[in-house]
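Q:
Residue numbers (our numbering), protein chains in the order written: chain G, 1 to 375; chain A, 1001 to 1121.
#1: So, helix, strand or coil for residue 1110 of chain A, using DSSP?
#2: Which same chain residues, not among the five before or five after residue 1090 of chain A, have their C-beta less than 7 Å away from its C-beta?
#3: Between the stretch 1005–1022 of chain A and chain G, which residues of the former have CB atoms less than 8 Å from a CB of the latter, in chain order?
#4: Chain G beta carbons: is any one of them nearer than 7 Å to that of residue 1098 of chain A?
#5: Could you name the residues that DSSP lists as bridge partners for residue 344 of chain G?
#6: Output the distance between the C-alpha atoms of residue 176 of chain G and residue 164 of chain G, rounded to the nearest integer angstrom.
#7: Determine whether the beta carbon atoms of residue 152 of chain G and residue 107 of chain G lie at a separation below 7 Å.
#8: Is there contact here, the stretch 1049–1060 of chain A with the stretch 1011–1022 of chain A, by at least three beta-carbon pairs under 8 Å?
#9: How many Å lie between residue 333 of chain G and residue 235 of chain G at the Cα?
#10: So with CB distances below 8 Å, who are the chain G contacts of residue 1082 of chain A?
#11: In the DSSP assignment, the beta strand (DSSP E) including residue 23 of chain G goes from what residue to what residue?
#12: Which same chain residues end up closer than 8 Å to residue 249 of chain G when comparing Cβ atoms and leaving out the 5 residues on each side of it in sequence?
#13: Would residue 1077 of chain A pass as an interface residue toward chain G - the criterion being a Cβ-Cβ separation below 7 Å?
#14: Can you pull the DSSP bridge partners for residue 118 of chain G?
#15: Please list the terminal residues of the continuous beta strand (DSSP E) segment that includes residue 172 of chain G.
#16: Exposed or buried, which one is residue 356 of chain G when buried takes at least 16 other CB atoms within 10 Å?
#17: In this structure, what does DSSP give as the bridge partners for residue 1024 of chain A?
#18: Does chain A have any CB closer than 7 Å to the CB of residue 232 of chain G?
#19: So with CB distances below 8 Å, who are the chain A contacts of residue 329 of chain G?
#20: Going by DSSP in three states, residue 272 of chain G sits in which element: helix, strand or coil?
#21: Could you give the first and the last residue of the continuous alpha helix (DSSP H) run that contains residue 1054 of chain A?
#22: In terms of residues, what are the limits of the beta strand (DSSP E) holding residue 376 of chain G?
#23: Let's see if you can read the secondary structure: which residues bound the beta strand (DSSP E) around residue 363 of chain G?
#24: Taking any Cβ of chain A, which residues in the stretch 160–178 of chain G have a Cβ under 9 Å from it, in chain order?
#25: Is residue 182 of chain G close to chain A? Criterion is C-beta to C-beta, closer than 7 Å.
#26: Could you have a look at residue 1121 of chain A and say whether DSSP puts it in helix, strand or coil?
#27: Which term fits residue 54 of chain G, buried or exposed, when burial requires 16 or more other beta carbons within 10 angstroms of its beta carbon?
#28: By the DSSP assignment, the beta strand (DSSP E) with residue 83 of chain G in it spans what residues?
#29: List the residues that DSSP assigns as beta-bridge partners of residue 1057 of chain A.
#30: For chain A, is any of its Cβ atoms less than 7 Å away from the one on residue 203 of chain G?
#31: When the cut-off is 7 Å and only beta carbons count, does residue 11 of chain G lie next to chain A?
#32: Please report whether the beta-carbon of residue 298 of chain G lies at a distance below 7 Å from any beta-carbon of chain A.
#33: Assuming contact is defined by CB atoms lying nearer than 7 Å, are residue 61 of chain G and residue 33 of chain G in contact in what I supplied?
#34: Could you work out which residues of chain A lie near residue 29 of chain G, taking near to mean beta carbons separated by less than 7 Å?
#35: Of the residues G:100, G:327, G:20, G:203, which one's Cα is nearest the Cα of residue 6 of chain G?
#36: Could you work out which residues of chain A lie near residue 353 of chain G, taking near to mean beta carbons separated by less than 8 Å?
Right, dumping it as structure tokens:
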């Protein structure tokens, strides 16, 4: 069952779920993050807490499932880590990112002992908690980033970080913090991993072009997929010597992408409709299906009346609707896996600029859409 | 992103300059003779003086063009993207029609005035 929820009229910039998927943290294009909880009886969303601390628009939210901490980053060049105490109140701790431009995205690492913040200052701040001084400290990854970091994703080994940027490149860095974790073992991306080491760099296109909007590591960490502003979806495979395949789609550019199984991706963006793509073992990308199969609008006998009504009211003869055929009415800004994980997701949530949050259930969608086969 | 020019011929062009959070669309309108040039100039000036009401209109056109729109991320957050596109296209379709109508009206009035005046002689 596809569930649609509307949270006001402002665009939803970003959202994150807690571990049990009973609470939702989202930001409505302002400097606060709202935490909603789902009423068990009616299924409605009730505003529980408002996290206000930022001065400018909140650009990223992430909720660490196991340690129950929320990290938020904002255009005011700050990030806060929010912890909930016994009474349920959330209190912030400032993180010194030491950036002189806005922060654009934030992600907790898989083991939740550190997080990475991308920024317009052309660097990534990897932050960890220093016990002796009781504060969050950041280490910078600067070279060779040439422009704003727009998107981040962690490798399952808690060390490698994929970063997409508006200089048309996707880079895999090592974010190994000596103080908090042991030396990592070699992966298919490389063996030597000091902090800030560039493992590989991928260009979105040979002509140079297409800001990278979303990046995602696969569940085993051997493949990374990204979407760019040139309406393309690309996959690079470390186990096949960094082979990169790209598919140029006829749709509007995507803004977010995630793996939903070992061989399938879900991408969504300006076209307002999530699309499923399959990746074969050879690396070939194929389009599988849209998730949003439009319900046919009945063009009934009332169309003549509607035509004259619209002629009278708006002096227009065409009765084209304002509403789009898709469920989302404006750009989709984020995708989060609701149930399952990147190896096999059964449900995802998408948030959009139309202030809708839509929960997509793959089982029921697989039954209703013939071509959709999620393996 | 690289600017794109879509043109029917040398006189009629549309320049689209996108950037990461906004878009500038500039239109060069076909002006075949002096009357059309004057009418176009006055018409565009009329619209551009009321740019606040149009929201996405710029008060000054880009060099070499007659009218410019600036659409930012704030506009796409508040308004439907597909309706913005519809608006710009509708606008472009209407401009040529309006200017031709105005030219016909000017010529008709001129003829009427001359007729009335010369009746005396």
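The beta carbon of each residue, even a glycine, is placed where N, CA and C say it ideally should be.
In this text the structure is predicted, and so the values were computed from the model without any measurement.
A: According to the data block:
#1: helix
#2: none
#3: 1020
#4: no
#5: G:261, G:341
#6: 19 Å
#7: yes
#8: no
#9: 21 Å
#10: 324
#11: 23–27
#12: 231, 232, 233, 275, 287
#13: yes
#14: G:105, G:124
#15: 169–174
#16: buried
#17: A:1017, A:1070
#18: no
#19: 1080
#20: coil
#21: 1051–1054
#22: There is no way to answer for residue 376 of chain G, as the model of chain G reaches only from 1 to 375.
#23: It is not in any beta strand (DSSP E) - residue 363 of chain G instead sits in the alpha helix (DSSP H) that spans 362–368.
#24: 166
#25: no
#26: coil
#27: buried
#28: 79–84
#29: A:1069
#30: no
#31: yes
#32: In this prediction, residue 298 of chain G has a pLDDT of 48, which is less than 50 and means its spatial position is unreliable; nothing more can be read from the coordinates.
#33: yes
#34: 1077
#35: G:327
#36: 1076, 1077
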